[in-house]
Structures are given as structure tokens and as C-alpha cells.
Amino acid sequence: MTIKVFQVATGNVGSEMIKRMADQPDLELVGVHCYSPDKVGKDAGELAGLAPNGVIATGTIDKIIAAKPDVLTFHGVFPDEDLYVKVLEAGINIVTTADWITGWHRDRNHPHPSGKPVSQLLQEACEKGGSTFYGTGMNPGLNQILGVVCSADVAEIENVTTIESVDVSCHHSKDTWIEVGYGQPVDDPEIPGKLEKYTRVFADSVYMMADCFDLTLDEVKFSYELGACTKDVDLGWYKLPKGSLGGNYIKYQGIVDGVPRVETHLEWQMTPHTDPSWDIKGCYITQIKGDPNIYNKHM
Numbered sequence: 005m006t007i008k009v010f011q012v013a014t015g016n017v018g019s020e021m022i023k024r025m026a027d028q029p030d031l032e033l034v035g036v037h038c039y040s041p042d043k044v045g046k047d048a049g050e051l052a053g054l055a056p057n058g059v060i061a062t063g064t065i066d067k068i069i070a071a072k073p074d075v076l077t078f079h080g081v082f083p084d085e086d087l088y089v090k091v092l093e094a095g096i097n098i099v100t101t102a103d104w105i106t107g108w109h110r111d112r113n114h115p116h117p118s119g120k121p122v123s124q125l126l127q128e129a130c131e132k133g134g135s136t137f138y139g140t141g142m143n144p145g146l147n148q149i150l151g152v153v154c155s156a157d158v159a160e161i162e163n164v165t166t167i168e169s170v171d172v173s174c175h176h177s178k179d180t181w182i183e184v185g186y187g188q189p190v191d192d193p194e195i196p197g198k199l200e201k202y203t204r205v206f207a208d209s210v211y212m213m214a215d216c217f218d219l220t221l222d223e224v225k226f227s228y229e230l231g232a233c234t235k236d237v238d239l240g241w242y243k244l245p246k247g248s249l250g251g252n253y254i255k256y257q258g259i260v261d262g263v264p265r266v267e268t269h270l271e272w273q274m275t276p277h278t279d280p281s282w283d284i285k286g287c288y289i290t291q292i293k294g295d296p297n298i299y300n301k302h303m
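Using the working numbering, read the sequence shown as starting at 5 and increasing by one per residue.
Right, dumping it as C-alpha cells:
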């Protein structure tokens with residue numbers, strides 16, 4: 005059985021997905037939706053850096069629905085809830101990597117104009133169309149699922165922590181990193197708020213793990229350390245002045261009775277020339293405190 009896929013966006017993740025689908029005989033790319041007018045009308049293969057594949061990029065929701073795909077894969081930077089609702093109501097399933105795991109973060113921090121929680125809107129759309137909605141990604145998403153899986157043979161679990169320890173300079177999205185605070189003076193009082201706003205979806209992943217372990221959290225705490233560039237850094241696509249934010253260590257901790265039980269940490273480095281600096285492993289890590297203790301690295 006061939007699964008018909010209609011994809012939204014052709015950025016870093018979207019282009020990679022088009023390349024991967026070309027090698028999967030059970031997946032058929034039937035359409036691509038782009039938000040940039042200059043991409044509409046172009047061949048999806050060429051947009052992804054491949055040979056032309058005959059799939060022409062479009063720019064309207066009607067084109068998505070008319071193609072009658074089995075699933076819409078959404079790889080924009082941020083969600084498009086109105087698109088989601090129309091597509092789900094049409095009976096088309098959605099898989100997205102855009103800022104969504106459980107919906108807690110979007111409901112709390114991004115009110116919908118309708119006044120309803122976004123998660124409620126999507127649930128109603130799924131019920132109307134008989135469709136499904138799945139938010140995922142490497143992190144948040146699969147990283148925390150790996151954490152849960154690694155706990156299978158552990159008794160008396162005290163704490164489960166998942167860590168993303170990566171050099172983020174490969175993500176050439178200047179506008180995104182400006183929004184996060186990278187390149188600003190490390191003592192700029194706006195940075196903590198920017199970091200939390202941009203990474204709040206990782207709290208979703210803490211709630212997801214808590215749900216898997218049948219834990220009721222009292223709260224999810226956000227904390228951070230900032231690494232200041234020790235010299236001017238030119239990444240080729242972005243410049244970080246000396247004294248600006250060049251790395252961070254963020255924690256989202258799920259607390260029960262004052263004790264951290266499930267956690268997600270973000271150990272990010274744009275350059276190794278920061279103070280403080282961290283030992284970047286270039287992988288995803290699961291640490292479980294229990295009987296036995298577990299330390300797992302996913303490269």
C-alpha cells in the first residue's frame with residue numbers, strides 16, 4: 005500500500021523529507037504547499053536540491069484538500085492552526101514537527117482568536133473529519149520517547165532526564181537565533197524571556213514523559229545558564245560579538261513534592277568559545293536514576 009503524502013514547507017527539515025521520501029517506495033509525494041510566493045509554481049524536487057520530480061508547489065489549502073492525500077506532513081517553523089483545522093476536517097491526517105507535542109505550550113502561550121484552546125479546536129476537527137493529529141520531532145519528541153523506552157527494565161525510578169547536547173551552528177536560520185537571543189549581550193535582561201518563549205515546547209515533552217509514567221506534576225520549572233562569547237565569532241551566516249550569547253544550558257524540570265522527577269535539558273553551543281562552556285557530545289542522552297541506573301547515548 006502506498007501512502008500519499010502532501011508536504012508543507014521546503015526549509016531544512018522539509019527539504020530533507022522530500023529527499024527521504026524519494027527513496028521510500030511506500031510513500032508517494034503528491035503535493036507541496038509553500039508560503040513563499042517565489043516558491044509556488046516551482047518543482048518540489050528542485051526546491052529540495054534534487055532533480056525535478058514533477059510535483060509542483062502550490063500555495064492554497066484548497067489544493068491540499070483536492071489532492072486527497074492520506075497524510076499532510078507539516079515542517080514549517082511555527083504551527084498554522086487554521087490550516088490544520090481545515091485539513092483535519094477534510095479527513096486528512098497530519099504529522100507535524102512544528103512546536104507541538106502535547107499542546108500544553110500552545111494552549112498556554114498562544115491563544116487562538118476563537119477563544120478556544122488550540123488543542124480543543126484540533127480535537128473537534130479530528131472528530132469531524134475522522135482524522136488524526138500527531139506532533140513529533142527528534143527533540144522534543146523522539147528523544148523523550150527514547151527516555152521512556154530506556155526505563156523498561158528499571159525498578160524504583162527516581163528520575164528520568166533527557167538531554168540534547170549539540171552544536172547548533174549548523175542551523176542557518178539567523179532570524180530564529182535573533183529571536184532566541186543569540187548575538188545579544190549576555191547580560192541583556194530580555195534573553196531569559198526569549199529563551200523560555202522559544203523553548204517552551206520542551207515543557208510539553210516533560211508533561212508527555214510524566215503522562216507515560218502516570219505522574220501528576222505540581223509544576224514544570226524553567227532554569228538556565230548562559231555562555232558569553234570570549235571573542236568575536238564569525239559563523240559565515242551570522243556574527244556573534246564578544247560578550248554576546250553563544251551557548252546555553254536550559255533545564256525543564258517536572259516537579260513532584262519538591263523533587264525533580266522528569267526533566268529535559270538543552271545543552272546548546274553556537275561556538276566553543278564561551279564562558280562558561282559545556283562538553284558538547286553531539287548526541288541525545290538519556291539518564292535514569294533507579295535500579296539499575298541507565299546512561300544511553302543516541303548519536
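Note that the Cβ used here is the ideal one computed from N, Cα and C, for glycine as well.
- According to the DSSP secondary-structure assignment, Val-99 is paired through a beta bridge with Thr-77 and Tyr-138.
- By a beta-carbon distance limit of 8 Å, Gln-257 does not contact Ser-209. Their separation comes to about 12 Å.
- Between Gln-11 and His-109 a beta carbon distance of about 24 Å is seen, past the 8 Å cut, so the two are scored as non-contacting.
- CA-to-CA, the gap between Ile-7 and Cys-130 works out to about 19 Å.
- Excluding its 5 nearest sequence neighbours in each direction, Val-266 has C-beta neighbours in its own chain below 6 Å: Val-164, Val-210, Met-213, Ala-214 and Gly-258, listed in chain order.
- Here Ile-182 is exposed: its Cβ has fewer than 16 other Cβ atoms, across all protein chains shown, within 10 Å.
- Taken through DSSP and simplified to helix, strand or coil, Gln-291 comes out as strand.
- Using a Cβ distance threshold of 8 Å, Leu-54 and Thr-14 do not count as a contacting pair.
- By a beta-carbon distance limit of 8 Å, Asp-171 contacts Gly-286. Their separation comes to about 7 Å.
- Residue pairing by DSSP places Thr-268 opposite Thr-166 and Tyr-256 in a beta bridge.
- Shown here, Phe-226 sits in a strand according to DSSP, grouped into three states.
- With contacts defined by Cβ atoms closer than 8 Å, Pro-280 and Gly-231 form a contacting pair.
- Non-local C-beta neighbours of Leu-126 in its own chain, meaning closer than 8 Å and more than five positions away in sequence, comprise Glu-85, Tyr-88, Val-89, Leu-92, Gly-107 and Phe-137, ordered along the chain.
- For Gln-148, there is no enclosing beta strand (DSSP E); the residue is found in the alpha helix (DSSP H) stretching over 147-154.
- Residue pairing by DSSP places Pro-189 opposite Ser-248 in a beta bridge.
- For Val-184 and Leu-199, the gap between their C-alpha atoms comes out near 5 Å.
- Nearest C-alpha to Ala-61 among Glu-32, Val-36 and Ile-68: Val-36.
- Distance from Thr-275 to Gly-250 at the Cβ level is roughly 5 Å; contact confirmed, criterion being Cβ atoms closer than 8 Å.
- About 27 Å separates the CB atoms of His-302 and Leu-76; that is not less than 8 Å, and the two are not in contact.
- Of the other Cβ atoms in all chains shown, 16 or more fall within 10 Å of the Cβ of Asp-103; this residue is therefore buried.
- Judged by DSSP secondary structure, Val-184 falls within the alpha helix (DSSP H) whose first and last residues are 178-184.
- Closest option to Pro-144, judged by alpha-carbon separation, among Tyr-186, Thr-101 and Cys-154: Thr-101.
- DSSP places Phe-217 outside both helix and strand once states are collapsed to three, so it counts as coil.
- Annotation for Leu-54: no beta strand (DSSP E) segment contains it, and DSSP assigns it neither H nor E.
- Across the structure, Ile-298 and Ile-69 are spaced so that their CA atoms are roughly 46 Å apart.
- In the three-state DSSP reduction, Leu-239 falls in the coil class, being neither helix nor strand.
- Comparing alpha carbon positions, the residue from Gly-58, Glu-194, Ile-161 and Val-17 closest to Phe-217 is Ile-161.
- Annotation: Ile-65 to Asn-113 spans about 26 Å, alpha carbon to alpha carbon.
- Cys-174 sits exposed, since fewer than 16 C-beta atoms from the chains shown fall within 10 Å of its C-beta.
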